[in-house]
Each structure stands twice: as structure tokens, then as C-alpha cells.
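Here's the structure, in C-alpha cells; my notes come after.
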Amino acid sequence: MLKLTGREKGALIFEGIVTVALLILINVAVVVIIQKFIQSNPGLSSGIFIIKQSLWLGPFHTRIWSYQWIANGILLLIDAWVVWWRLIRRYHQYQMDHILDELHYIAQGHLDHRIPFRLKGSQQHVITSVNALVDSAVQSMNDERQIEKSKDELITNVSHDLRTPLTSIIGYLRLIEDKQYHSEEDIVKYAHIAYEKSKQMKTLVEDLFEYTKVQQHGAPVNLMTVDLSELLEQVAASFELEGEKRGIEVTATTKPDPLKIEADPEKLGRVFSNLVANALKYGNGASYIRIAATVAGDQVAVKVANDGTKIPAASLEHLFERFYRVESSRSKATGGTGLGLAIVKSIVDLHHGQVTVTSDDDETAFTVTLPTAQPKEEAKG
Ligand code: ATP
Ligand code: MG
Numbered sequence: 004m005l006k007l008t009g010r011e012k013g014a015l016i017f018e019g020i021v022t023v024a025l026l027i028l029i030n031v032a033v034v035v036i037i038q039k040f041i042q043s044n045p046g047l048s049s050g051i052f053i054i055k056q057s058l059w060l061g062p063f064h065t066r067i068w069s070y071q072w073i074a075n076g077i078l079l080l081i082d083a084w085v086v087w088w089r090l091i092r093r094y095h096q097y098q099m100d101h102i103l104d105e106l107h108y109i110a111q112g113h114l115d116h117r118i119p120f121r122l123k124g125s126q127q128h129v130i131t132s133v134n135a136l137v138d139s140a141v142q143s144m145n146d147e148r149q150i151e152k153s154k155d156e157l158i159t160n161v162s163h164d165l166r167t168p169l170t171s172i173i174g175y176l177r178l179i180e181d182k183q184y185h186s187e188e189d190i191v192k193y194a195h196i197a198y199e200k201s202k203q204m205k206t207l208v209e210d211l212f213e214y215t216k217v218q219q220h221g222a223p224v225n226l227m228t229v230d231l232s233e234l235l236e237q238v239a240a241s242f243e244l245e246g247e248k249r250g251i252e253v254t255a256t257t258k259p260d261p262l263k264i265e266a267d268p269e270k271l272g273r274v275f276s277n278l279v280a281n282a283l284k285y286g287n288g289a290s291y292i293r294i295a296a297t298v299a300g301d302q303v304a305v306k307v308a309n310d311g312t313k314i315p316a317a318s319l320e321h322l323f324e325r326f327y328r329v330e331s332s333r334s335k336a337t338g339g340t341g342l343g344l345a346i347v348k349s350i351v352d353l354h355h356g357q358v359t360v361t362s363d364d365d366e367t368a369f370t371v372t373l374p375t376a377q378p379k380e381e382a383k384g
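The structure is reproduced here in C-alpha cells:
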């Protein structure tokens, strides 16, 4: 409850006393006026007399009303109501003042402060709304800060990942520039390394571009009816050759076939390309990569599985974070940036779906769950 200050209590009592004094004056005036009025109207006073005569109670015909009683009773009721009304009004005003004080205090930057007291009725609404407003303002400030921080991290990571290949490109090109080679073979070798590193940089820049594009709030999604069977077969086909080279069979099956869903075909293609590319790159010792889609209700589940080396359990929960790479694949010359799965997750999010991963000694499987139809309002954007 709200505690009034001593001054406010005093003011309240003073107001009560003033009101009562004023009311007494008004009452006396009213009584005098009415008396004068009745006296100057003989018809009215005899009428009142007759009414009084006819009002009685019990076996002894006790008269319960006299003219004064009625008038005084009514006046007293009105007085009581006026006093009560004025005091309540003043009390509400004090409550408002307290709320305003608290508001000013919060506005001065005490954002962890909330209005601490509770009131009755509509005043409590004001308090609840103010507190909720401050909560949501603080929340969005924190969100903003978080975004700012993660943007900084992104820039740090990217500059680091760009600098590493760039340093070696410059290094090898300088060898050529300074004629520090012994044969034409050396030149070819240095040029080749520089070329490979440049390609790596290009991939990073492209990935980054793709990632920021799908990360953007309200990123455009080009929704249309897509035959998932066709899309997945195309993805499998594009990796067939590469798979053959390593003795890995890449297949795609859907049940039913064809399988129509509402999605952005280009983005969805990217999702499964990334997953299959990873399976090829990191699924050491695998003999197959199987893409399999099934329908359950209004959801489609697409599983991309391979029987390669298992991903350490501790890494599983971080896989979808941007720039995260399992330690063992870092040291290897696989040349990734760790954006692939972050892009996958962002695209799946855009489609209101989920992506999960499981990995054990038998199989590593990424499962993408998508609704067959996209929610209506989002479809506009
Ligand atoms: P990028 O895709 O940006 O070129 P990346 O492939 O390293 O880089 P992600 O695709 O995000 O990045 O994958 C993150 C990490 O997850 C990989 O570095 C790899 O260690 C691990 N990983 C992903 N898929 C598999 C898989 N099928 N089998 C084993 N490890 C995997
Ligand atoms: Mg990848």
C-alpha cells in the first residue's frame, strides 16, 4: 500500500476540517432559507403538518417523523458524502503525485527501479502499465546491446578470417615480386597457393554476404510451391561426382514423391547443399550420404545422414553458432569458416522450421523440419 507523508496527512486532515466548517455554514444557511420559505407559505406548512400527523408507528401511534429530523437527516447524509468525496479526491491526487515522483525517478536513469506500491482500481492500472513499459524498454535496450555486441564479434571474426589468407597471399606474391624463386616451377607453386587462398577468401565473403542477408530482420523470402523431391534430387546430383571420387554414395528419396511444400526454393537449396557439403567434407570414412524426406501431418522432416566419424557430444549444441567449427576440423585443411550451419539455421528460421542434429558411432544426421505451408501474414513479406 501507498504510505502518505506526514505533510500529506496533515493537509488531508486540514482539508477535512475546512470542508466540515464550510458545510456547517452552508447547512445553517439552508435551514434558515427553508424555514423562511415554509413560514411565508401557509399552504405548504399546513400540508407538511398533515403529512406529519399521518406518519405513526406501533400501537401507541408513536410519531416517528418530525420536520427537523427529515431535514437534518438529509443534510447530514449530503454532508458526509461531500466530505468523503473531497477527501478521496485529494487522496487520489496524492497517489498520482507519488506515481509521478516515481516516474521522474525512473526517467532520471534509475531503470532498475519499479513503482513499489500497489493501489486499488484504475490507479493500479497506471502502475502496472508504467512498470511494464519500463520492463519492455529495458528489455529492448538489452536486446539492442546484445545485437551490437554480436555485430562487433562478427566484424572481429571476419577480419581475422580474411587476414589469415590475405597474409599468405601477400607473402607468396612478394616472393614472386622479389624474384625469390629458383625455377618456374616455384612461381607456379606460389601462384597456385595464392590462387587457392583467394578462392577461400571469396567463399568467406560470399558466405558472409549470404549470412547477413538471411539474418536481416524481415529478410525477403520468395515463397512458392516447391517440389521437394525434385529439389533434393538436384542437390544430390550436384554432389554425385564429388561423392564418387571419395567412394560415397549420395542419394535423395522423398515419401510421397512428388512432395509439394511452400518455401523459397533458392534458399532451401542452399540449406541442403550446405548440409551435404559438410557431410562430404567432415564425414570421414563415410560410405553414404542419404537425404530422406517424410511427411507427418502438416510438417515435413528432411534428414541428411552420413555414416562418417561422429561429432563430439560437447560440440553438438554449438554447431549452429556462426564461426563455430569442431576443433579437429579447424586444424584440417578443409577450409571452412563455420558460417555454413549458421546460414542453414537462419534460413530454416525464416521458414518457421527447426533444425536439429544427432551424432553417434553409426550415423551423423541433421534433420530439418518445415511446415508444408507458411503462415499467412508472413507470406506477404
Ligand atoms: P563453411 O560451411 O562456412 O564453409 P564449416 O563447414 O566449417 O564452414 P559449418 O558448416 O557451420 O562450418 O559446420 C560447422 C562444423 O560442424 C564444421 O566445422 C564441422 O566440424 C562440423 N560438422 C558439420 N557437419 C558435419 C558432419 N556431417 N559430420 C561431421 N562434422 C560436421
Ligand atoms: Mg559447412
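Residue numbers (the working numbering): 4 to 384.
We treat Cβ as the ideally placed atom computed from N, Cα and C, and that holds for glycine.
Computed from a prediction, not measured in an experiment: that's the story for all the values here.
**Request:** Evaluate the contact criterion for the segment 353-364 versus the segment 284-299: three or more CB pairs, one atom per stretch, below 8 Å.
**Result:** no
**Item:** Residues that DSSP places opposite residue 265 in a beta bridge
**Value:** Your numbering for residue 265 matches position 262 in the sequence shown. Answer is 228, bridged to residue 265.
**Asked** Comparing alpha-carbon positions, which option in 225, 115, 227, 255 lies nearest residue 237?
**Response** Taking the first residue of the sequence shown as 1, we reach residue 237 at position 234. Here the closest residue by C-alpha is 255.
**Message:** Under 6 Å: does the beta carbon of residue 211 sit that close to some heavy atom of the ligand ATP?
**Reply:** Locating residue 211 in the sequence shown gives position 208, counting from the first residue. For the ligand ATP, not one heavy atom lies less than 6 Å from the Cβ of residue 211.
**Prompt:** Mind checking residue 349: buried by the 16 CB within 10 Å criterion, or exposed?
**Reply:** Along the sequence shown, read from residue 1 onward, the residue named residue 349 stands at position 346. Around the CB of residue 349, 16 or more other CB atoms lie within 10 Å, so the residue is classed as buried.
**Item:** Distance cut-off 6 Å: residue 339 Cβ against heavy atoms of the ligand MG
**Value:** For this step, residue 339 is matched to residue 336 along the sequence shown. The answer is yes for residue 339.
**Message:** Using a Cβ-based criterion (distance less than 6 Å to any ligand heavy atom), does residue 112 qualify as near the ligand MG?
**Reply:** The count along the sequence shown starts at 1 and reaches residue 112 at position 109. Because no heavy atom of the ligand MG lies under 6 Å away, the Cβ of residue 112 does not count as near it: no.
**Asked** How many Å lie between residue 259 and residue 298 at the Cα?
**Response** Looking up residue 259 in the sequence shown gives position 256. Looking up residue 298 in the sequence shown gives position 295. Residue 259 and residue 298 have their C-alpha atoms roughly 8 Å apart.
**Item:** Where the alpha helix (DSSP H) containing residue 369 begins and where it ends
**Value:** Taking the first residue of the sequence shown as position 1, residue 369 is located at position 366. No alpha helix (DSSP H) holds residue 369; the beta strand (DSSP E) holding it covers 367-374.
**Message:** Just verifying my parser: in three-state terms, what is the DSSP assignment at residue 198?
**Reply:** Within the sequence shown, the letter at position 195 stands for residue 198. Correct three-state label for residue 198: helix.
**Request:** Note down the Cα distance separating residue 210 from residue 179, rounded to an integer number of angstroms.
**Result:** Position 207 of the sequence shown, counted from the start, is the residue given in the question as residue 210. Position 176 of the sequence shown, counted from the start, is the residue given in the question as residue 179. Cα to Cα, residue 210 sits roughly 30 Å from residue 179.
**Message:** Under DSSP, the alpha helix (DSSP H) around residue 55 begins and ends at which residues?
**Reply:** Locating residue 55 in the sequence shown gives position 52, where the first residue counts as 1. That run of the alpha helix (DSSP H) goes 45-57.
**Prompt:** Is residue 286 near the ligand ATP, in the sense that its beta carbon is under 6 Å from a heavy atom of that ligand?
**Reply:** For the purposes of this step, residue 286 is taken as residue 283 along the sequence shown, with counting starting at 1. Correct: residue 286 has its Cβ closer than 6 Å to the ligand ATP.
**Asked** Short check: CB of residue 230 to CB of residue 261, under 7 Å?
**Response** Here residue 230 corresponds to residue number 227 of the sequence shown, with the count starting at 1. Here residue 261 corresponds to residue number 258 of the sequence shown, with the count starting at 1. Cβ distance < 7 Å, so residue 230 and residue 261 count as in contact.
**Asked** Got a sec? Which residues, its chain only, sit under 8 Å from residue 214 by beta carbon, not counting five neighbours each side?
**Response** Position 211 of the sequence shown, counted from the first residue, corresponds to residue 214. Taken in chain order, the residues that qualify are 325, 342, 345, 346, 349.
**Request:** Give a single yes or no on whether residue 311 has its beta carbon closer than 6 Å to a heavy atom of the ligand MG.
**Result:** Residue 311 sits at position 308 when you count from the first residue of the sequence shown. Not so, every heavy atom of the ligand MG lies at least 6 Å from the Cβ.
**Prompt:** Between which two residues does the beta strand (DSSP E) containing residue 309 stretch?
**Reply:** Counting from 1 along the sequence shown, the entry for residue 309 is found at position 306. First-last of the beta strand (DSSP E) with residue 309: 302-309.
**Asked** What number of angstroms, rounded off, separates the C-alpha of residue 56 from the C-alpha of residue 24?
**Response** Counting from one through the sequence shown, the residue named residue 56 turns up at place 53. Counting from one through the sequence shown, the residue named residue 24 turns up at place 21. Cα-Cα distance, rounded: 35 Å.
**Asked** Nearest to residue 295 by alpha carbon, out of 301, 200, 308?
**Response** Numbered from its first residue, the sequence shown carries residue 295 at position 292. Here the closest residue by C-alpha is 308.
**Asked** Just how far apart, CA to CA, sit residue 119 and residue 232?
**Response** Position 116 of the sequence shown, counted from the start, is the residue given in the question as residue 119. Position 229 of the sequence shown, counted from the start, is the residue given in the question as residue 232. Distance between the alpha carbons of residue 119 and residue 232: 60 Å.
**Request:** Quick one: give me the first and last residue of the beta strand (DSSP E) that residue 329 is part of.
**Result:** Within the sequence shown, residue 329 is the residue found at index 326, counting from 1. Looking at the DSSP string, residue 329 is not in any beta strand (DSSP E), and its letter there is neither H nor E.
**Beta-carbon spacing of residue 371, residue 351 below 7 Å** = Working through the sequence shown from its first residue, we reach residue 371 at position 368. Working through the sequence shown from its first residue, we reach residue 351 at position 348. One thing to note: residue 371 has its Cβ within 7 Å of the Cβ of residue 351.
**Prompt:** For residue 167, which three-state DSSP category applies?
**Reply:** Translated into the one-based positions of the sequence shown, residue 167 becomes position 164. DSSP places residue 167 in helix when its eight states are reduced to three.
**Item:** Length-filtered (4 minimum) alpha helix (DSSP H) runs lying within the segment 172-222
**Value:** 187-218
**Burial state of residue 145 (16 or more Cβ within 10 Å)** = By 1-based counting over the sequence shown, the position of residue 145 is 142. Answer is exposed; the Cβ neighbour count stays below 16.
**Prompt:** Which of the three DSSP states, helix, strand or coil, is assigned to residue 111?
**Reply:** Against the sequence shown, residue 111 aligns to sequence position 108. Coil, per DSSP.
**Message:** So residue 246 and residue 196 are supposed to be a Cβ contact under 8 Å. How far apart are they, rounded?
**Reply:** Taking the sequence shown and counting its residues from 1, the one referred to as residue 246 is at position 243. Taking the sequence shown and counting its residues from 1, the one referred to as residue 196 is at position 193. That pair is no contact at about 27 Å.
**Request:** Whole angstroms is fine: what's the gap from residue 148's alpha carbon to residue 113's?
**Result:** Here residue 148 refers to the residue found at position 145 when the sequence shown is read from its first residue. Here residue 113 refers to the residue found at position 110 when the sequence shown is read from its first residue. If you take the alpha carbons of residue 148 and residue 113, they lie about 18 Å apart.
**Asked** Are the Cβ atoms of residue 48 and residue 41 separated by less than 7 Å?
**Response** Taking the first residue of the sequence shown as position 1, residue 48 is located at position 45. Taking the first residue of the sequence shown as position 1, residue 41 is located at position 38. Yes.
**Request:** Would you check whether the ligand ATP has a heavy atom nearer than 6 Å to the C-beta of residue 282?
**Result:** Position 279 of the sequence shown, counting from 1, holds the residue named residue 282. Residue 282 Cβ: within cutoff of the ligand ATP.
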